[in-house]
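Residue numbers (our numbering): 1 to 574.
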């Protein structure tokens, strides 16, 4: 990608998705092979009539209802009338744990259909059939795929919320969580669409963030023939390693804890408080804010910031080790540097990626992952789903103890282990096979958009940018004709943080897939108090309606030297 480009001048499906402006090098905006556009169709039958037609192997359609216009809203706006289909696939009783498993799903089919299908990949440990609306990226979305006319499916990935996290005891439930549910649901959903509208979807899209972003990255390899456009947000595509990284971070904070919790274990929040986090965030801003050409409370040039900021020299050291909130002790600095350097074993071998220093550390979402989920959610996933053989259910009673006692030398390799019952390792079923080989997706004209918050505390932005660099190398030095990465400066995990985190990735993806209009800058909005869906992490000093261009990696949004600093039009990607 060429550093001279600014914004692509196109006729977008949603004017808010792209900045209306032209400029740059035609080499970046070269039109690649694209697929034909989807053709809209109307559902002429009632939802009740559709219910009588539904049939698919090993599938129970348990409910078909009509959602009236306005029954569902997005950002306060009514969504048009649509059919809601609930069901389950491949119901079975496990021979391992005796539990009854099935792949639960919900489909929402608009009466006025745009000819497209959207698979909504959900986050966390799954287990819940989230409302099938189709997230378009970022935080506080102002629209969604359903509202745009897509037929949407959502799934629990093969287990219920009540079975979390112990579903990992069942070998097939592990595989369904990793990739099996997508394999099973995709052809079924397309057949339902055919019965509803009289034709298969013309174009199919897939999107999600976090574990949903992992699903997206896996799908880009495993299901490249099924989807024409894929959105992967803050992807945990190395999730077993990321879980190790979370527990490693918890162990670093435990070393500096100043208090003990009710469980008798170190209170890892006490070693690095909210005040101290904000101190670090302010120091990062002080050193890096102006690197993009203007001091505006945001760090756009995250890569340059890593060379400019130092925990050792840019944060005061507490005299005599006395913590005041305006300094860090030597031990705190060491712990923080270890956390950002990434998990390592005793030999110094990296077990997960490093993290970039970013002002997003000041936000509550950073602490929620590093100092809470790291001793609850992550050890649960590691103990029962990513470890072979899994731990016993008794481990649930002391997940924090499991996390703080996790041995980076002896326990970490279990993510690669198999046995006679668990024949696929966690690394195998959770990650994309041959992750830089997207030749199947590329050759058929499909596209991949990846976005990642640089302040993400759980899935490393550095891990994603490293992958993208290797993807480029595997494609002659440039993968931008079919895959693009968009860093979101300051954004925490999928949303939040001091960031412009409200954006639409789906509209530019459709334009790229179906019109050959490759995206450059995608405009994002900071959700201040005047926004329909405010973000409490946005500083009041930014004022109202701040926008910024999200730039395709490795370009950076740089101030043009004049113009309103709150307007994306005053910045260029270069």
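All residues carry an ideal CB built from backbone N, CA and C; glycine is no exception.
Since the model is a prediction, treat every value here as computed from it, not as a measurement.
Paired residues, beta bridge with residue i - DSSP
| i | result |
| --- | --- |
| residue 64 | 85 |
| residue 591 | No answer is possible for residue 591: the residues shown for the chain start at 1 and end at 574. |
| residue 207 | 120 and 231 |
| residue 153 | 107 and 119 |
| residue 523 | 549 |
| residue 375 | Its beta-bridge partners do not exist; DSSP assigns none. |
| residue 42 | 112 |
| residue 306 | In the DSSP output, where bridge partners are listed per residue, residue 306 has none listed. |
| residue 328 | 317 |
| residue 488 | 453 |
| residue 502 | 138 and 525 |
Alpha helix (DSSP H) segment containing residue i, residue limits
| i | result |
| --- | --- |
| residue 100 | Per DSSP, residue 100 belongs to no alpha helix (DSSP H); it is in the beta strand (DSSP E), 100-110. |
| residue 364 | 364-371 |
| residue 241 | 239-255 |
| residue 508 | 506-515 |
| residue 441 | 439-443 |
| residue 56 | Residue 56 -> no alpha helix (DSSP H), and no H or E assigned at all. |
| residue 265 | Careful: residue 265 lies outside any alpha helix (DSSP H) and carries neither H nor E. |
| residue 190 | 181-197 |
| residue 322 | Premise fails: residue 322 is in no alpha helix (DSSP H) and is neither H nor E. |
Whole-angstrom distance between residue j and residue i, CA atom to CA atom
| i | j | result |
| --- | --- | --- |
| residue 441 | residue 473 | 17 angstroms |
| residue 121 | residue 145 | 13 angstroms |
| residue 515 | residue 39 | 13 angstroms |
| residue 339 | residue 251 | 9 angstroms |
| residue 84 | residue 95 | 33 angstroms |
| residue 63 | residue 153 | 14 angstroms |
| residue 343 | residue 351 | 5 angstroms |
| residue 183 | residue 211 | 16 angstroms |
| residue 572 | residue 358 | 21 angstroms |
| residue 506 | residue 376 | 33 angstroms |
| residue 248 | residue 389 | 21 angstroms |
| residue 224 | residue 207 | 13 angstroms |
| residue 355 | residue 244 | 14 angstroms |
| residue 428 | residue 416 | 8 angstroms |
| residue 482 | residue 260 | 51 angstroms |
| residue 240 | residue 381 | 8 angstroms |
| residue 93 | residue 99 | 6 angstroms |
| residue 172 | residue 91 | 11 angstroms |
| residue 546 | residue 526 | 5 angstroms |
| residue 360 | residue 542 | 15 angstroms |
| residue 437 | residue 445 | 15 angstroms |
| residue 203 | residue 301 | 36 angstroms |
| residue 31 | residue 230 | Since pLDDT at residue 31 reaches only 38, below the 50 mark, its modelled position is unreliable, and no value is offered. |
| residue 66 | residue 147 | 15 angstroms |
Secondary structure of residue i, DSSP reduced to three states
| i | result |
| --- | --- |
| residue 573 | strand |
| residue 355 | coil |
| residue 218 | helix |
| residue 555 | coil |
| residue 450 | strand |
| residue 344 | strand |
| residue 138 | strand |
| residue 24 | For residue 24, the predicted structure reports a pLDDT of 36, less than 50, and the residue's modelled location is therefore unreliable. A value from the coordinates is still provided. Coil, per DSSP. |
| residue 483 | strand |
| residue 90 | strand |
| residue 31 | Confidence at residue 31 is low in this model, with a pLDDT of 38, below 50, so its placement is unreliable and the value that follows should be read with caution. If DSSP states are grouped into helix, strand and coil, residue 31 belongs with coil. |
| residue 146 | coil |
| residue 388 | coil |
| residue 171 | helix |
| residue 78 | strand |
| residue 285 | helix |
| residue 567 | coil |
| residue 532 | coil |
| residue 350 | strand |
| residue 464 | helix |
| residue 275 | helix |
Span of the beta strand (DSSP E), counted from its first residue to its last, around residue i
| i | result |
| --- | --- |
| residue 299 | Unbroken run through residue 299: none, as it is neither H nor E. |
Closer than 7 angstroms: residue i CB and nearest the ligand SAH heavy atom
| i | result |
| --- | --- |
| residue 571 | This structure lacks the ligand SAH, and indeed carries no ligand of any kind. |
Is the stretch 441-451 touching the stretch 418-432 in the sense that three or more CB pairs, one from each, lie closer than 8 angstroms? Inter-segment contact for the stretch 418-432 and the stretch 441-451 is absent: fewer than three beta-carbon pairs are separated by less than 8 angstroms.
Answer yes if the stretch 230-246 comes into contact with the stretch 309-329, meaning at least three C-beta pairs across the two stretches below 8 angstroms, and no otherwise. A contact is defined here as three or more CB-CB pairs under 8 angstroms, and the stretch 309-329 fails this definition with respect to the stretch 230-246.
Check whether the stretch 495-503 touches the stretch 534-541, taking contact to mean three or more Cβ pairs, one atom from each stretch, closer than 8 angstroms. yes
Using a Cβ distance threshold of 8 angstroms, determine whether the stretch 474-493 contacts the stretch 254-273, with at least three qualifying pairs required. no
Under 8 angstroms: do the stretch 147-164 and the stretch 115-129 share three or more Cβ pairs, one atom per stretch? Touching, yes.
Would you check if the stretch 289-302 and the stretch 550-568 touch, i.e. whether three or more CB-CB distances between them fall below 8 angstroms? yes
Below 8 angstroms, how does it come out for the stretch 99-113 and the stretch 461-481: are there three or more Cβ pairs, yes or no? no
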